[in-house]
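Heads up: the structure comes next, in structure tokens.
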Amino acid sequence: MLARTAGGLFWLARYMERADYVARLLQVAGHMNAVRVDTNRSSEWESAIVAAGCGESFDATDESADEASVIRFLAFERANPSSIVNCIETARRNARAVRTSLTTEMWEAVNQTSLELTDFTQAPLDADRLAEFLDWVKARVGLFHGVCSNGMLRRDSFHFIRAGQFLERADNTARLLDVKYHVQLPEVADVGGVVDYYQWLAILRVVGARRAYRVLFKGRVQPAHVAELLVSRAVFPRSLAFCYEQITQHLDAIEAQDPQLAADARRQAHAMYAQLRFARTDQVIEDGLHEYLTDVIDRTRDLGAEIAKGHLF
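Right, here's the structure in full:
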């Protein structure tokens, strides 16, 4: 496969996954801001900016992190490469460049999403219209991944798309969990309280894990259990362990089809997967969950660079 094609497929999947994640962040920030009781504490809108990895770029705007400015910046800001609008449009440009490697349904899913996007960007959105927009984003990304799964041959094209999707998802999950556990760490008096409980519940909402949590752990939401679910429980499709399980499988398949490609990325992915799969949550928390997640984020970024070095350029 041409490196240009592989890169287009890889980044197409990453940008579609990122659009879904940002939409989920905005939905939950709105829910959580409604139960915020301490006006002196960092708001959920600030945490959404940090969890999206846009802290520095938002600070450069010199705006306060209130509802209107954060929604505009994360959903519609053209100057923000990770805004929903930019993610969808960049995904469409990548899809157009690799159109011959996509099924008809995949191209139509991306192209139609880009066309329908204008319906939401031509005028300011009220609360109901914004909720409709965020649900629409999640549905369109879900459609794209669905037609990809059901229609593509299991060849390099498919494996590069899936590697990009799960690399992006791993980065997003680690950032989300780190924001709650470090950036939004509650005061000692708040631990176990109502606000703390709803913040952890918000994380489960972002990743669609409320039912999964009840099935696996039952009872009240506890921080250690949420961390375990999102770090080492490979049965949950947004956990770090599951993401890296998928990354290793798809990199293995790529190398099997083209043994000449560099295997450094594959080795890095397998090492990371082993660490996540056998992680003991109690030990991770004792040693420092923030430090652990920072390491995951850094190694995920390095893995993306290694994939690009070995496969895409």
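4 is the number of the first residue of the sequence shown in our numbering; add one for each residue after it.
Ideal Cβ positions, reconstructed from N, Cα and C, are used throughout, including at glycine.
{"Check": "Own chain, CB closer than 7 Å to leucine 105, minus 5 neighbours either side, in chain order", "Outcome": "Ala98"}
{"Check": "Contact belief for leucine 279 with leucine 243 at Cβ below 8 Å, rounded distance in angstroms", "Outcome": "5 Å"}
{"Check": "Pairwise C-alpha distance: glutamate 119 and glutamine 125", "Outcome": "11 Å"}
{"Check": "Residue environment, asparagine 93, which counts as buried when at least 16 other CB atoms sit within 10 Å", "Outcome": "Residue identity check: residue 93 is threonine in the sequence provided, not asparagine. The residue is buried, with at least 16 neighbouring Cβ atoms inside 10 Å."}
{"Check": "Buried or exposed by the 16-neighbour rule on C-beta atoms within 10 Å, applied to arginine 302", "Outcome": "buried"}
{"Check": "Endpoints, the alpha helix (DSSP H) within which asparagine 317 is located", "Outcome": "No statement about residue 317 is possible, as the shown extent of the chain runs from 4 to 316 and does not include it."}
{"Check": "Best match in Asp159, Ala130 and Gly167 for proximity to histidine 148 [C-alpha to C-alpha]", "Outcome": "Gly167"}
{"Check": "Burial state of glutamine 271 (16 or more Cβ within 10 Å)", "Outcome": "buried"}
{"Check": "Collapsed DSSP secondary structure at methionine 275 in the structure displayed", "Outcome": "helix"}
{"Check": "Where glutamine 202 falls, given that 16 or more other Cβ within 10 Å makes a residue buried", "Outcome": "buried"}
{"Check": "Exposure label - leucine 254; buried when at least 16 CB within 10 Å", "Outcome": "buried"}
{"Check": "For valine 299, the nearest candidate out of Gly222, Tyr247, Met19 and Lys141 (CA to CA)", "Outcome": "Tyr247"}
{"Check": "Delimiting residues of the alpha helix (DSSP H) encompassing cysteine 151", "Outcome": "130-154"}
{"Check": "Own chain partners of cysteine 151 with C-beta closer than 7 Å, once the 5 adjacent residues on each side are dropped", "Outcome": "Met109 and Ile164"}
{"Check": "Environment of threonine 121 [buried if 16+ CB atoms lie within 10 Å]", "Outcome": "exposed"}
{"Check": "Rounded C-alpha distance that separates valine 31 from glycine 145", "Outcome": "18 Å"}
{"Check": "Rounded straight-line distance, which links the Cα of threonine 251 to that of leucine 232", "Outcome": "20 Å"}
{"Check": "Supposed close pair aspartate 318, threonine 297 - CB separation, criterion 8 Å", "Outcome": "Summary: the structure shown does not reach residue 318, with the chain confined to residues 4 through 316, and so no result is reported for it."}
{"Check": "Buried or exposed (CB count within 10 angstroms, at least 16 for buried), glutamine 260", "Outcome": "exposed"}
{"Check": "Environment of phenylalanine 136 [buried if 16+ CB atoms lie within 10 Å]", "Outcome": "buried"}
{"Check": "Glutamate 80 and serine 86 closer than 7 Å at C-beta", "Outcome": "yes"}
{"Check": "Beta-carbon gap between alanine 54 and arginine 178 smaller than 7 Å", "Outcome": "yes"}
{"Check": "Residue range of the alpha helix (DSSP H) that includes proline 333", "Outcome": "Residue 333 is absent from the model: the chain starts at 4 and stops at 316."}
{"Check": "Start and end residues, alpha helix (DSSP H) containing asparagine 175", "Outcome": "159-181"}
{"Check": "For phenylalanine 123, the nearest candidate out of Phe245, Asn114, Val113 and Trp139 (CA to CA)", "Outcome": "Trp139"}
{"Check": "Threonine 176 burial status per 10 Å Cβ neighbour count (16 or more: buried)", "Outcome": "buried"}
{"Check": "Boundaries of the alpha helix (DSSP H) in which cysteine 246 is found, first to last residue", "Outcome": "243-260"}
{"Check": "Arginine 95 vs serine 60 beta-carbon contact at 7 Å", "Outcome": "no"}
{"Check": "Environment of valine 238 [buried if 16+ CB atoms lie within 10 Å]", "Outcome": "exposed"}
{"Check": "Residue environment, phenylalanine 281, which counts as buried when at least 16 other CB atoms sit within 10 Å", "Outcome": "exposed"}
{"Check": "Alpha-carbon spacing of serine 235 relative to threonine 64, whole angstroms", "Outcome": "37 Å"}
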